[in-house]
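What follows is one structure encoded as structure tokens, with my remarks underneath.
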Amino acid sequence: MDWRGWAEIVFTIALTVAMGWPLGIFMARVWAGERTWLDPVLRPVEALAYAGFGIDRNKGQNWLGYAGAVLAFSAAGFVLLYLQLRFQNLLPLNPQGFDGLSPHLAFNTAVSFVTNTNWQSYAGEATMSHLSQMAGLTVHNFVSAGTGLAIAAAVARAFATDRGENLGNFWVDLTRTTLYVLLPLSIVTALVLVAAGVPQTLLANVEASTIEGAKQVISLFPAASQEAIKQWGTNGGGIFNVNSAHPFENPTPFTNLIEATSINALAFGTVIAFGRIAGARKEAKALIAVMIILVGAAAAAIYASETLTPQPAMIAAGITDAPSNMEGKEVRFGPAASSVWAAQTTGASNGSVNAMHGSFMPLGGGVAMFMIQLGEVLPGGVGSGLYGMVVMALLAVFVAGLMVGRTPEYLGKKVEAREIKFAMLAVLILPLAILGFSAIAAVLPVALEGLLNKGPHGLSEILYAYSSAAGNNGSAFAGLTANAPWWNTTLAIGMLLGRFAYIVPVLAIAGALAAKPKLQPTAGTLPSDSPLFVGLLIGIVLILGGLQFFPALALGPIVEHFQLLAAAASR
Amino acid sequence: MSMSFVKSGAIDRSVVTTALKSAFVKLDPRALTGNPVILATEVVAVLATVSAGVAIAGGLPASFPIQIAAWLWLTVLFANFAEAIAEGRGKAAADSLRATRVTTRAKLIIDAARNAIVPTPAHELVPGDVVLVEAGDVIPADGEIIEGVASVNEAAITGESAPVIRESGGDRSAVTGGTTVVSDWLKVKVTSQQGSSFLDRMIAMVEGADRRKTPNELALAVLLAGLTLVFLIAVVTLTGLGAFSGVTLDPMVLGALFVTLIPTTIGGLLSAVGIAGMDRLLKVNVLATSGRAVEAAGDVDTLLLDKTGTITFGNRMAVEVVPAPGVRPDAALRAALIASLADETPEGRSIVELARNQGVTAQAPAGATSIPFSAMTRQSGLDADGKSWRKGAVDAVIRSLDLSESQIPAELRQAVDRVARSGGTPLAVSENGALVGVIHLKDVVKPGVKDRFADLRRMGVRTVMITGDNPVTAAAIASEAGVDDFLAEATPEDKLRIIRTEQAKGRLVAMCGDGANDAPALAQADVGVAMQTGAQAAREAGNMVDLDSDPTKVLEIVEVGKQLLITRGALTTFSIANDVAKYFAIIPAMFVVALPSLGAMNIMGLSSPQSAILSAVIFNALVIVALIPLALRGVRYRAIGAAKLLSRNLTIYGIGGLIAPFVGIKLIDMIVAALKLA
């Protein structure tokens, strides 16, 4: 632990927010259908898309219509992707000649990419054809992110609406966000990454001679383009199995900085855009403050854990001034860059990694897992982080707002039984999917076959896997071999629950809020832009998440940590 | 303030006894269906009892399971007791009301022309019947006076023993069944069906017979049920996770963990808080027809206030006498005083009062004739020994003195203008045919009103004054009283309109009124407070009735509403914050045998795993009892603005809720260990 490490963490987060801010302002214009400087190029494309699909861009949808469109779109995307993966051997652009995926792997992978999770039960370089990568997975990297952003736009409009039901048009929101925000960002980022040394080619592989004279076949892919959208869209699914730890995905500290900042920038931007559309700019800043504080705290905690916790193996080897825990970390990144990335990727439902979380010290890995369990709202996936945080804010306002002597309201909308009902439904999904499946897997022999470790670390692998699935994160505690029917199926169900069993209540809340009168704040209204509110929301996020997962974490990373301390002390 | 039905302060012994009994009656699970948190606790208590029984039957050590089971039952009983004691206080008030509902025989008039009367039991009366009520009779049913004037003792419903005048026509024509005619007689047309009279409704309200959950209560119940489910998942899944970790979990301990985590504190006190809110309103002699109205009161954004009676005393009062040029001030005051000696109106008396306060006195000259006010002359005064004193409307006095506009001294003309501009009423005074001065009659704003409006503003409540005065007068009084807005020359229709406009902006409106023409506005308002002395239509239209008929009561009603919501929020926050400490007590205790290193989490240093679990369960039960007084009394409301209020309550109930159980559980653990209970 040194000041350079801390500076690196602070700089990365600060740069992320600084990038997100103007993006949010731009995205608000896109959501509002206003003119942008990209119009000359993209307007015609947009018009063509509407004409092609018969979309009336001026026709609004109520929450049911919006939710219906989201579900229909995702279902269609799932079916197509499933078929494509299942039968990729019959399709072109398969230079390595890979087989079609097994039914359970195709199911898991299709769900994974449609839900913006990008959990990968497979090693990309040894499984996926070029066509599957480009026309299958990458397409969903865009549209699943676009779907999340579209829902955020709908939620923002709900707060701006006074006794209405129009949440916007999903097809328009999806088209515009993908065209005007995600595509340009990805193109620019991909070019920068190519310039910085990330490959972008359709060649199958290169052959290299190692220093020992051995021949090595190294797979090649159009990596830069997927790398860009994988980060911006909080997808996280790498082309290579080791994700952004692979030198072709993330060759230098410079690419690492670009990729790290692009994990969270758009999620911060979503909050800014939300504030503009909902007419709540100050309140949006409060939400951003909550996110910065918690993701910063997580980065700090992981960094401290990786650099300060005694390592029994080192002690056993007689190394007294043990360096930081470097197991599973890339030397070119080091503990600070790995820690801040871990916090950002788990706070964001991204799931790309530049170090192996399963090799972190117990508390470091535990913090990463806890970030996912907090509901992926720090700052969360693109779109999903915003609406998840809004649900948290509604709960915070509901409990604490009563304490100012009024029935609670948030951003001028009263929070009543209907909103609380749907908010609690949404909140229930995570413990149900994470703890429910974990508890079964923990005693099911067929599940335990995939486990590398026994004891607390093994439990952490299980917990992390289901947390990652339900949180639509996609990262894993390496050590779990998930490409088996039980894991593929249950993880896919977890992903579906975490995505759609959350989206539908959120849109129902949006519908209920839109129908309510927009109230003006008075001196008696709970201020939702003050430091006090920031503290309150942090408290609610931590306590709500902590209370749900504390017992499970106690049996995983926490006990592992104490065991490790005891082991270190006994040396 | 008059006496009220609810004895403040100490809770009656009989109420406690009854509540203890009904705490057991409420163990019936059917009674708990509306309260999932406590129902869940009861289910766990049953399971714990069975498990303790199995341990006893198996000859195993049973002290721990027996104690856990007992404390779980106590948790349910304490919650039931809290609700019962809140209900009990209402029931006591209802009983005193019921005692006044005697079975009277009504004098039913069957032939109005010949005044033919048939004695009929009161409960056989139907709306439309006309009854005769004479001195000493109890009025048999709610109704409208169609003939007669009488003084009526309404102590039965208001607690106020001074009789009030009730007469046919106008806003004083409503009578309430159960009240007694003290003098004279009335012919009353029955308006209410038996069983739905005002008194019946009052009894039902006070008893909470058809208490339905209010919208906010409903939302909170959903939240609590959701949290209960979350904790159910967290605890049940521990069996699987524990098995993987080689931990054998005692179902009894899991049950204890579950009960301590679910929000039993607020779950147990929620309905008591609601009932206590109604009760506090009753204490200030206001009856709400629904809990929903009380809750809405806390949310009020705009308060419509009638100027007269609420903001001002309702009578204009003399504040100064401006002398004419050449007239000594005390001479002018003395002339005003003599002109007012025979005037029994509040204005006249205020002039006498003003003179006395300034040390000017006068006796009516012997043989004086009083000249009463008439609509023609618009002045009044005294004549004696050829001398005359008059006071009256400025133009009327001037005309009777045969003065022209230009003959009035400029000083007096300016004084008249000044008085009118300030919202007052000028009266001219003449003595023996000469103009001697101008009296300044002022609408006097009640003392303290301005401060209360400032409080309301800090609560975020906007005040709007409604008056029939002209805009000049209205503006002057509005600024003096410190209201946020006013409506001058208002008609009853204007009230309705202004309520609708405010509501269209999404604001909640409160108002009070007593006239029949207030009824539509009272019905439209979110909180409509009718005066008990008011018209029957008004009393039926409002959702609250003020038995003291004091329009300033609205302010107290708003505070009670806020207090109710604050109490709910505070207890919920406290309840959830408590869970952190319970984890630190129970989690290490559950796992420490199999995973000794988790002993590091026992930061409270609890003496043994069993003691830790038992202490957490005991704390969880006792905290309900400890908070019953707070639930009944309510968290105090302070008009310090939302931000400060939140920070204050968050500190007390949030941070306090985090810390308190660490201390409490540790103390209980020390006792449990000392007594060797576990």
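The listed protein sequences correspond, in order, to chains A and B.
So the first sequence is numbered by full-length UniProt numbering: it starts at 1 and just counts up by one.
So the second sequence is numbered by full-length UniProt numbering: it starts at 1 and just counts up by one.
All C-beta atoms, glycine included, are put in the ideal place defined by N, C-alpha and C.
**OP:** Would you identify the three-state DSSP class for A541(B), choosing helix, strand or coil?
**Re:** Here residue 541(B) is taken as the residue at index 541 of the second sequence, counted from 1. Looking at A541(B) - three-state DSSP - the assignment turns out to be helix.
Subject >> 8 angstroms Cβ cutoff, I566(B) in contact with chain A >> reply: Indexing the second sequence from 1 puts residue 566(B) at position 566. It does: the Cβ of I566(B) has a partner Cβ on chain A nearer than 8 angstroms.
Original post:
Excluding sequence positions up to five away, which residues of its chain have a Cβ less than 6 angstroms from the Cβ of E330(A)?
Top reply: In the first sequence, counting from the first residue as 1, residue 330(A) sits at position 330. Here the set comprises A245.
Subject >> Residues that T573(B) contacts on chain A, provided the C-beta gap is smaller than 9 angstroms >> reply: One-based indexing of the second sequence puts residue 573(B) at position 573. Simply V399, A400, L402, M403.
**OP:** Please classify N80(B): is it buried, with 16 or more other beta-carbons within 10 angstroms of its beta-carbon, or exposed?
**Re:** To locate residue 80(B), count along the second sequence from 1; it is residue 80. Buried.
Subject >> Residue closest to L254(B), alpha-carbon to alpha-carbon, out of P588(B), A336(B), A428(B), P163(B) >> reply: Position 254 of the second sequence, counted from the start, is the residue given in the question as residue 254(B). If we check each option's Cα against that of L254(B), P588(B) comes out closest.
**OP:** Tell me whether the beta-carbon of G524(A) lies closer than 8 angstroms to the beta-carbon of G460(B).
**Re:** The residue you call residue 524(A) lines up with position 524 of the first sequence. The residue you call residue 460(B) lines up with position 460 of the second sequence. In contact: G524(A) and G460(B) (Cβ atoms closer than 8 angstroms).
Subject >> Where S132(A) sits in the DSSP three-state scheme >> reply: Counted from its first residue, the first sequence places residue 132(A) at position 132. Helix.
Subject >> 7 angstroms CB neighbourhood of M19(A) in its chain, flanking five on each side removed >> reply: As a working mapping, residue 19(A) is identified with position 19 in the first sequence. Here the set comprises T261, A265.
Original post:
Taking buried to mean at least 16 other C-beta atoms within 10 Å of its own C-beta, is I557(B) buried or exposed?
Top reply: Within the second sequence, residue 557(B) is the residue found at index 557, counting from 1. That one is buried.
**OP:** List the whole-angstrom C-beta distance separating T377(B) from A396(B), where the pair is believed to meet the contact cut-off of C-beta under 8 angstroms.
**Re:** By 1-based counting over the second sequence, the position of residue 377(B) is 377. By 1-based counting over the second sequence, the position of residue 396(B) is 396. 6 angstroms between Cβ atoms; contact.
Original post:
Quick one: what's got a C-beta closer than 8 angstroms to E404(B)'s C-beta in the same chain, skipping five residues either side?
Top reply: Position 404 of the second sequence, counted from the start, is the residue given in the question as residue 404(B). Sequence check: residue 404(B) is Ser here, not Glu. Result list for S404(B): empty, nothing under 8 angstroms.
Original post:
Which residues bound the beta strand (DSSP E) around I603(B)?
Top reply: In the second sequence, the residue the question calls residue 603(B) occupies position 603. Segment: none, I603(B) is in no beta strand (DSSP E) and carries neither H nor E.
**OP:** Would you tell me roughly how many angstroms separate the C-alpha atoms of L341(B) and E295(B), rounded to the nearest one?
**Re:** Counting from 1 along the second sequence, the entry for residue 341(B) is found at position 341. Counting from 1 along the second sequence, the entry for residue 295(B) is found at position 295. Cα to Cα, the separation comes out at about 51 angstroms.
**OP:** Helix, strand or coil for D383(B), going by three-state DSSP, please let me know.
**Re:** Indexing the second sequence from 1 puts residue 383(B) at position 383. In this structure, D383(B) counts as strand in the three-state DSSP scheme.
Subject >> Assigned exposure category for G401(A) - 16 Cβ within 10 Å defines buried >> reply: If you number the first sequence from 1, residue 401(A) lands on position 401. Per the 10 Å Cβ criterion, buried.
Original post:
Going by the CB atoms, is the gap between I302(A) and A342(A) shorter than 8 angstroms?
Top reply: Indexing the first sequence from 1 puts residue 342(A) at position 342. Indexing the first sequence from 1 puts residue 302(A) at position 302. A contact, by the Cβ cut-off of 8 angstroms.
Original post:
At least one CB of chain B closer than 8 angstroms to the CB of E416(A): is that the case?
Top reply: Here residue 416(A) is taken as the residue at index 416 of the first sequence, counted from 1. Chain B, which has a Cβ nearer than 8 angstroms to the Cβ of E416(A), makes this yes.
**OP:** Could you tell me which residues DSSP pairs with residue 684(B) in its beta bridges?
**Re:** Nothing in the structure corresponds to residue 684(B), since chain B is present only between 1 and 678.
Original post:
DSSP state of E167(B), grouped into three classes?
Top reply: The sequence position of residue 167(B) within the second sequence is 167, counting from 1. Reduced to three states, the DSSP call for E167(B) is strand.
**OP:** Tell me, please, whether the CB atom of R500(B) is closer than 8 angstroms to any CB atom in chain A?
**Re:** Counting from one through the second sequence, the residue named residue 500(B) turns up at place 500. It does not; no Cβ of chain A falls within 8 angstroms.
Subject >> Residues near Y66(A) by beta carbon distance below 6 angstroms, same chain, minus five either side >> reply: Residue mapping note: residue 66(A) aligns to position 66 of the first sequence, counting from 1. Excluding positions up to five away in sequence, the list reads A154, L167, F170, L507.
Original post:
Among W73(B), L229(B), R114(B), A478(B), which has the Cα closest to the Cα of P36(B)?
Top reply: Working through the second sequence from its first residue, we reach residue 36(B) at position 36. When only C-alpha atoms are compared, the closest one is L229(B).
Original post:
For the stretch 424-440 of chain A, which residues have a CB atom closer than 8 angstroms to at least one CB atom of chain B, in sequence order?
Top reply: M424, L425, V427, L428, P431, L432, L435, G436, S438, A439, I440
Original post:
To which residues of the same chain is S197(B) closer than 7 angstroms at the C-beta, ignoring the five residues directly before and after it?
Top reply: Position 197 of the second sequence, counted from the first residue, corresponds to residue 197(B). Closer than 7 angstroms at Cβ, skipping near neighbours: A141, D142, G177.
**OP:** With K518(A) as the anchor, note down where its alpha helix (DSSP H) starts and where it stops.
**Re:** The residue given as residue 518(A) occupies position 518 in the first sequence. First-last for K518(A): undefined, no H or E at that position.
Original post:
Which residues share a DSSP beta bridge with W185(B)?
Top reply: The count along the second sequence starts at 1 and reaches residue 185(B) at position 185. Answer by DSSP bridge pairing, in chain order: E134(B).
Subject >> Beta-carbon spacing of Y410(A), A426(A) below 8 angstroms >> reply: Stepping through the first sequence from its first residue, residue 410(A) is reached at position 410. Stepping through the first sequence from its first residue, residue 426(A) is reached at position 426. The answer is no: Cβ separation not under 8 angstroms.
**OP:** Let me know the alpha helix (DSSP H) ranges lying completely inside the stretch 424-484 of chain B, each 4 residues or longer, listed in chain order.
**Re:** 449-459, 471-481
Original post:
Under 7 angstroms Cβ-Cβ, which residues of chain B neighbour F562(A)?
Top reply: Position 562 of the first sequence, counted from the first residue, corresponds to residue 562(A). Simply S597, L598, A600.
Original post:
Under a Cβ-count criterion, where at least 16 other Cβ atoms within 10 Å of its own Cβ denotes burial, should E83(B) be classed as buried or exposed?
Top reply: Walking along the second sequence from the start, residue 83(B) turns up at place 83. Buried.
Original post:
Since D39(A) is in the alpha helix (DSSP H), which residue starts that stretch and which ends it?
Top reply: For the purposes of this step, residue 39(A) is identified with residue 39 of the first sequence, where counting begins at 1. Element bounds for D39(A): 39-53.
Subject >> Run of the beta strand (DSSP E) containing A366(B), from where it starts to where it stops >> reply: Position 366 of the second sequence holds residue 366(B). A366(B) -> no beta strand (DSSP E), and no H or E assigned at all.
Subject >> One or two residues paired with N205(A) in a DSSP bridge >> reply: Translated into the one-based positions of the first sequence, residue 205(A) becomes position 205. N205(A) is bridged to S219(A).
**OP:** Count the CB pairs spanning the stretch 240-249 of chain B and the stretch 216-231 of chain B that are closer than 8 angstroms, and state whether there are at least three.
**Re:** no
**OP:** List the residues of chain B whose Cβ lies closer than 7 angstroms to the Cβ of T522(A), in chain order.
**Re:** As a first step, residue 522(A) must be located in the first sequence, where it is residue number 522. Ordered by position in chain B, the residues that pass the 7 angstroms Cβ test against T522(A) are D301, G460.
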